[in-house]
Amino acid sequence: MASMADKADEKAQENIDIEQTLLRGQNERGIPEVRFIDDVEYFLETEVNGAAVETVIGAYTTLLSKFRTYEVNLIQQRMKAKLRVPEIEKTLTIIKQLEKAQEEAGEEATLDTHYNLSDVLYARAEVQCSGTVCLWLGAQVMVEFTYAEATAWLEKHLERARARLSSTDEDLQHLRSNKILTEVAIARVYNYDIKRKKAVNGHSDDAGVEEEKTTA
Numbered sequence: 029m030a031s032m033a034d035k036a037d038e039k040a041q042e043n044i045d046i047e048q049t050l051l052r053g054q055n056e057r058g059i060p061e062v063r064f065i066d067d068v069e070y071f072l073e074t075e076v077n078g079a080a081v082e083t084v085i086g087a088y089t090t091l092l093s094k095f096r097t098y099e100v101n102l103i104q105q106r107m108k109a110k111l112r113v114p115e116i117e118k119t120l121t122i123i124k125q126l127e128k129a130q131e132e133a134g135e136e137a138t139l140d141t142h143y144n145l146s147d148v149l150y151a152r153a154e155v156q157c158s159g160t161v162c163l164w165l166g167a168q169v170m171v172e173f174t175y176a177e178a179t180a181w182l183e184k185h186l187e188r189a190r191a192r193l194s195s196t197d198e199d200l201q202h203l204r205s206n207k208i209l210t211e212v213a214i215a216r217v218y219n220y221d222i223k224r225k226k227a228v229n230g231h232s233d234d235a236g237v238e239e240e241k242t243t244a
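So our numbering is basically just the index in the sequence shown, starting at one, shifted up by 28.
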């Protein structure tokens, strides 16, 4: 049992070593970048020390699985960021309306508005423009801000949300390019192996024919 475990560990380490050889670095957020292998024969014989084609394809397949996992997580992050940006923009617009009403009518100013009780149900409300608003910060925490403080806080988080959305789009494009490159690499290594085996079998058949002629 110990021997089988040791062999499994050695195999796993070999896959890790080959996987590192397949990469040429990573982007700013740590997502790996796959190398393009120009000469498959040289790569197999020299750079991975003659490792079996199945092992190399296995390492590529592991990378492809990692890329798909990254992609699923990034798509979820993008959906959250895409919802977050309009929410912050909407809140900023409301605060600016409250601030404008207060500037025009003073501390006793009110603003007539509607708010949603559910997805399809709205109620009318009269909001006093008192100079402060309460914002949900998450984790069941609400904090009272002045209009200026709330505006500054929201603008800072809006900038972060937009930057996060932009970087997520870049990462998704990076992943898609590397997924395609990995799939192409798997196909090229597989096709090289097929051609190599056909060539070997062809030479074996020719040698057999020559032997038969000599015997005859």
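Backbone N, C-alpha and C fix where the C-beta goes; we use that ideal spot for every residue, glycine too.
Please list, in chain order, all residues of the same chain as residue i whose beta carbon is under 7 Å from its beta carbon, the five residues on each side excluded.
i	result
E76	Checking the sequence shown, residue 76 turns out to be Val, not Glu. I46, T49 and V84.
Y218	I85
F71	I65
T179	L120 and I123
L145	A151
T255	What the structure shows of the chain is the stretch from 29 to 244, and residue 255 is not part of that stretch, so it cannot be assessed.
CB-CB under 8 Å to residue i, same chain, minus the five flanking residues each way: which ones, in chain order?
i	result
L182	I116, T119, L120, I123 and L163
N229	none
L92	K207, T210, E211 and I214
V171	C162, L163 and L165
A235	Confidence in A235 is poor, its pLDDT being 47 and thus under 50, which makes the residue's placement unreliable; the coordinate value appears in the next sentence. Contacts found: none.
R204	E99
R96	K207
Have a look at residue i and residue j and give me their C-alpha separation to the nearest angstrom.
i	j	result
E198	A191	11 Å
F173	E127	13 Å
L51	V62	4 Å
E99	G53	18 Å
K226	T196	45 Å
R106	L200	9 Å
R57	A79	31 Å
S194	A129	35 Å
T138	Q125	11 Å
K94	N101	11 Å
E177	T90	49 Å
N55	H185	24 Å
P114	E187	12 Å
Q168	D147	21 Å
Between residue i and residue j, how many whole angstroms is the CB-CB distance? I'm expecting something under 8 Å.
i	j	result
Y143	G159	So it is not a contact: roughly 20 Å between Cβ atoms.
R216	V68	6 Å
Confirm, please, whether the CB-CB distance from residue j to residue i is below 9 Å.
i	j	result
Y88	A213	yes
I59	H202	yes
Leaving out the 5 sequence neighbours to the left and right, which residues in its chain are closer than 6 Å to residue i when beta-carbon positions are compared?
i	result
E73	none
Y220	V68
K223	none
T243	Legend: pLDDT at T243 = 49, less than 50; position of this residue unreliable, value from coordinates given subsequently. The answer is none, since no qualifying residue turns up.
The ligand PLP and residue i: does the residue's C-beta get closer than 8 Å to at least one heavy atom of that ligand?
i	result
L120	You won't find the ligand PLP in this model; it holds no ligand whatsoever.
- Query: So, do the segment 134 to 149 and the segment 202 to 220 have three or more beta carbon pairs nearer to each other than 8 Å?
  - Reply: A contact is defined here as three or more CB-CB pairs under 8 Å, and the segment 134 to 149 fails this definition with respect to the segment 202 to 220.
- Count the C-beta pairs between the segment 94 to 111 and the segment 150 to 159 that are closer than 8 Å, then say yes if the count reaches three, no if not. Because the criterion of three Cβ pairs below 8 Å is not met, the segment 94 to 111 and the segment 150 to 159 do not touch.
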